Structures are given as structure tokens and as C-alpha cells.
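Each residue of the sequence shown is one higher than the one before, starting from 8 at the first, in my numbering.
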Amino acid sequence: MYFKQFLHDSTGCASYFIASRRSREAVVVDPQHDVQPYVELAADRDYSIRHVIDTHIHADHVSGNRRLAQLAGAELWLPAKADVAFAYQALNEDDQLQVGQIRLRVLQTPGHRPEAICLLVTNLERSSEPALVLSGDTLFVGDVGRPDFGGPHGAADQYRSTRRLLALPDWVEVFPAHFEGACGRSMCGRPSSTIGFERRFNPMLQHEESEFVQLVTEPTPRPLNMIAVVATNRGVADYGSLRPNGTSRVDSVAADWAPKWIAERQACVLDVREPWEFGAGHIQHAVCMPQADLAIELQCFDRERSLLVVCESGFRSARAAAFLKSRGFNRIANLSGGMLAWRRAGNRVLT
Ligand SMILES: [Fe+2]
């Protein structure tokens with residue numbers, strides 16, 4: 008068996024390349040938009056990518072699934088319930104894919120999204136027992152995936168799906184589709200774990216169903232460019248990679264200096280938080296534009312005007328500002344420390 012976990016720092020996502028050293032066949036799970044690393048790995052190690060799988064329709068990055076399948080001449084697999092506008096092979100509960108001596112078995116785990124699946128991986132050369140689970144956005148290290156939609160119903164599904172994973176043996180290793188990012192709230196940051204450790208120490212798995220449902224139904228900010236990302240991943244639009252490029256360094260403005268910075272430039276303040284956060288306190292004349300909508304609303308903003316991008320802590324706004332800079336907004340800065348710092352500096356807040 009050959010196993011490689013790719014960690015993608017810009018999105019907090021993980022993707023996987025699993026191959027049989029005997030048959031030289033490989034499967035790639037949850038590929039990122041840039042598929043070159045998987046193609047190069049296959050060429051370097053003389054593997055042939057036979058299968059490409061997404062565990063669900065991603066909302067935080069554009070999948071490379073179709074391009075990788077086409078480039079490699081591989082089968083494209085998605086959960087049977089995936090609502091997309093292109094052809095794919097459907098994965099149902101208990102379906103199995105064989106990659107040499109490696110077996111991937113599908114577990115339907117609705118919750119994060121209705122179509123979400125996990126993949127139980129068995130290396131038959133070692134044992135007929137499963138060795139690891141690719142837990143998608145169902146189970147994270149130290150957290151669980153938030154329902155993208157579906158409210159309490161999605162949360163109750165997620166409770167049942169996580170319980171299902173906890174019924175696996177202790178030794179089964181957990182490899183999630185995220186190690187950080189907006190899909191959870193308190194991921195540990197470690198890229199893998201075991202079922203036994205998570206059953207005992209994952210704080211979200213210590214709750215009864217009603218508490219769990221209440222906690223995961225609390226609103227969380229939606230990911231950067233989510234509307235455009237989902238449309239692209241469903242094949243109903245094509246917004247490209249939607250990633251800021253690596254050279255998009257953005258200036259920071261400190262909160263105590265920010266009022267002067269705004270006034271001198273007659274800058275537009277772009278608040279990328281959700282409306283419920285904006286309503287609780289914002290900068291005068293700020294525009295509420297949640298980061299999820301940015302890519303589909305670019306035409307609303309003047310590239311010649313100075314822009315100060317704001318969120319709650321300065322983290323979301325830094326990524327949003329980098330994305331805008333990569334799309335030609337050069338007079339852009341990030342409010343360092345966000346509204347938390349703005350309030351601490353004693354600046355005026357409107358509700
Ligand atoms: Fe997700």
C-alpha cells in the first residue's frame with residue numbers, strides 16, 4: 008500500500024492519494040483544483056490513477072475532480088445523492104472499490120451535507136479488518152463538520168453519522184478532509200487521529216443528541232466565495248480556481264489608525280462578516296458583503312477606490328482581501344485584528 012495525505016494550507020483542506028504497490032493502481036480522494044501534484048506523484052512513482060472520488064460537494068474549494076479524471080483517464084465517482092450537472096459514477100451505501108489489494112467501502116454519512124460519504128479503507132494484504140477511514144467533513148480531529156444547511160435536521164443526521172463512525176474499532180485511523188478552516192469551530196490542527204482517541208477526547212462526541220444538535224446548529228460564517236465555489240463544483244457555472252494567488256500580499260491597517268486611514272482616502276469599508284454579525288456592531292458607512300458572496304458580487308466595487316476589508320478578528324478579512332487583490336483591487340488593506348481590535352481602540356460602533 009502507498010498512502011499520501013496532502014495538506015493544503017490555503018484552505019485547511021486535506022486530500023488523499025492511495026495506491027497499490029502491487030497492481031500500481033491509485034485512487035485520489037477530494038482533489039484540489041490544482042491537480043498537477045497528483046499527476047506528478049503518479050508519474051514519479053509509476054502509478055496509474057484509476058479512480059477519483061469526492062466525499063461530498065465542497066463549499067470551500069473548487070474540486071479538481073473532473074479535470075483529474077479526464078487527464079488520468081480515471082473513473083469519476085461521487086455520492087449517489089450528489090446534485091450536479093455532469094455525469095459521474097454513483098456511490099451508494101456499502102459499495103466497494105478495489106484498488107489492487109486495497110478495498111474502499113462506502114459509508115453514507117449525511118449531516119455536513121445530505122450526500123456526504125466516508126470511505127472505509129482495508130488493506131487486505133495486512134488484515135481483513137479496516138485500517139483507516141477517510142472521514143470527509145463528518146468527523147474531524149477534535150471536532151465534527153457543521154451542517155452546510157439543513158439546520159436541526161442536518162445536525163441530527165450528523166449526530167447519527169458520527170455515532171456510526173464511533174462504532175468502528177479503536178485502532179481505525181481517522182483521516183478527515185479538513186485540519187483547519189471554516190467547516191468546523193475547534194479543530195485540533197493535527198491532521199489525523201484514531202477512532203479510539205476521538206471517541207474518548209473529541210469534545211463534540213461527549214454530548215447527548217439534543218446538546219449536540221443545539222451546538223452544531225449555532226450559526227457559523229460561511230466559507231470564502233461559497234456561492235461561486237458550490238456553483239462551480241455542481242457544474243452549473245465556472246468561476247475558475249477562486250483562489251488568491253501566492254503573491255497577493257495585503258497591507259494591514261492598525262485599529263487605532265484606521266479611522267484616519269479611511270477618512271484620508273475616502274475609503275469604502277467592506278465588512279465580510281455575515282449579516283447577523285454586522286447587525287450586532289459595525290463601522291459607520293460600512294458595506295455588508297459576506298465573504299461567501301464576494302466572487303459573485305465583484306462588479307459592485309470600484310477597483311480605483313481604496314477598500315478597507317473588515318471581519319471579526321482579522322482572519323477572514325485577510326483572506327478575502329488577498330482574493331480581491333488577486334482580482335485587480337490594488338488599493339486594498341486589511342483591518343488588523345478586525346472589529347475586536349476596532350472596539351478595543353475605542354472607535355465608534357453602530358448597531
Ligand atoms: Fe465540506
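The beta carbon of each residue, even a glycine, is placed where N, CA and C say it ideally should be.
Computed from a prediction, not measured in an experiment: that's the story for all the values here.
C-alpha distance - residue i paired with residue j, whole-angstrom precision
| i | j | result |
| --- | --- | --- |
| Gly80 | Gln115 | 26 Å |
| Leu83 | Val151 | 27 Å |
| Ala66 | Pro154 | 11 Å |
| Gly196 | Glu187 | 6 Å |
| Met194 | Gly149 | 5 Å |
| Glu271 | Arg326 | 24 Å |
| Arg206 | Arg192 | 18 Å |
| Asp101 | Asp258 | 51 Å |
| Leu357 | Val220 | 33 Å |
| Gln291 | Cys275 | 10 Å |
| Arg112 | Asn354 | 56 Å |
| Gln306 | Val243 | 20 Å |
| Thr201 | Pro137 | 12 Å |
| Tyr54 | Lys267 | 58 Å |
| Val294 | Ala302 | 15 Å |
| Tyr95 | Ile339 | 41 Å |
| His78 | Asp278 | Position check: residue 78 holds Leu in this sequence, whereas His was assumed. C-alpha separation (whole angstroms): 40 Å. |
| Trp264 | Thr227 | 29 Å |
| Ala33 | Phe24 | 7 Å |
| Gly71 | Arg351 | 42 Å |
Bridge-paired residues (DSSP) for residue i
| i | result |
| --- | --- |
| Glu122 | Paired residues: none, contrary to the question. |
| His289 | Leu357 |
| Gln43 | None, per the DSSP bridge assignment. |
| Cys295 | Asp278 |
| Cys195 | The partner list for Cys195 (beta bridge, DSSP) is empty, contrary to what the question assumes. |
| Gln12 | Tyr23 |
| His68 | DSSP lists no partner for His68. |
| Leu98 | Pro86 |
Three-state secondary structure assigned by DSSP to residue i
| i | result |
| --- | --- |
| Leu104 | strand |
| Pro183 | strand |
| Phe308 | coil |
| Phe93 | coil |
| Ser200 | strand |
| Ser168 | helix |
| Ala33 | strand |
| Leu83 | strand |
| Arg57 | strand |
| Ala352 | coil |
| Gln273 | coil |
| Asp300 | helix |
| Arg207 | helix |
| Trp283 | helix |
| Leu175 | coil |
| Arg52 | coil |
| Arg28 | coil |
Residue-chain proximity (residue i, chain C), Cβ-Cβ < 7 Å
| i | result |
| --- | --- |
| Arg192 | Protein chains in the displayed structure number just one, and chain C is not present. |
Note to self: Threshold first: 3 residues or longer. Then list the beta strand (DSSP E) segments lying entirely within the region 216-266, N to C.
What the structure shows: Within the region 216-266, complete beta strand (DSSP E) segments of at least 3 residues are found at 258-260, given in chain order.
Item checked: At least three beta-carbon pairs within less than 8 Å, the region 158-166 to the region 124-131 -> Cβ pair count under 8 Å is below three, so no.
Check: Can you list the beta strand (DSSP E) stretches of 3 or more residues lying completely in the region 106-164, in chain order?
Finding: Entirely contained in the region 106-164, the beta strand (DSSP E) runs reaching 3 residues are, in chain order, 109-115, 124-130 and 139-143.
Notebook entry, point to check: In chain order, which continuous runs of the beta strand (DSSP E) of length 3 or greater are located wholly inside the region 315-346?
Noted result: As for any beta strand (DSSP E) of minimum length 3 sitting wholly inside the region 315-346, the runs are 339-342, ordered along the chain.
Next item on the list: Flag this pair as touching only if the region 313-324 and the region 343-350 have three or more C-beta atom pairs under 8 Å; answer yes or no.
Entry: A contact exists between the region 313-324 and the region 343-350.
Check: Any contact of the region 29-36 with the region 102-117, i.e. 3+ C-beta pairs under 8 Å?
Finding: The answer is yes - the region 102-117 touches the region 29-36, with three or more Cβ pairs under 8 Å.
Note to self: Taking contact to mean 3 or more Cβ pairs, one atom from each stretch, closer than 8 Å, check whether the region 221-239 and the region 173-182 are in contact.
What the structure shows: Taking 8 Å as the limit for Cβ pairs, the verdict is that the region 173-182 does not touch the region 221-239.
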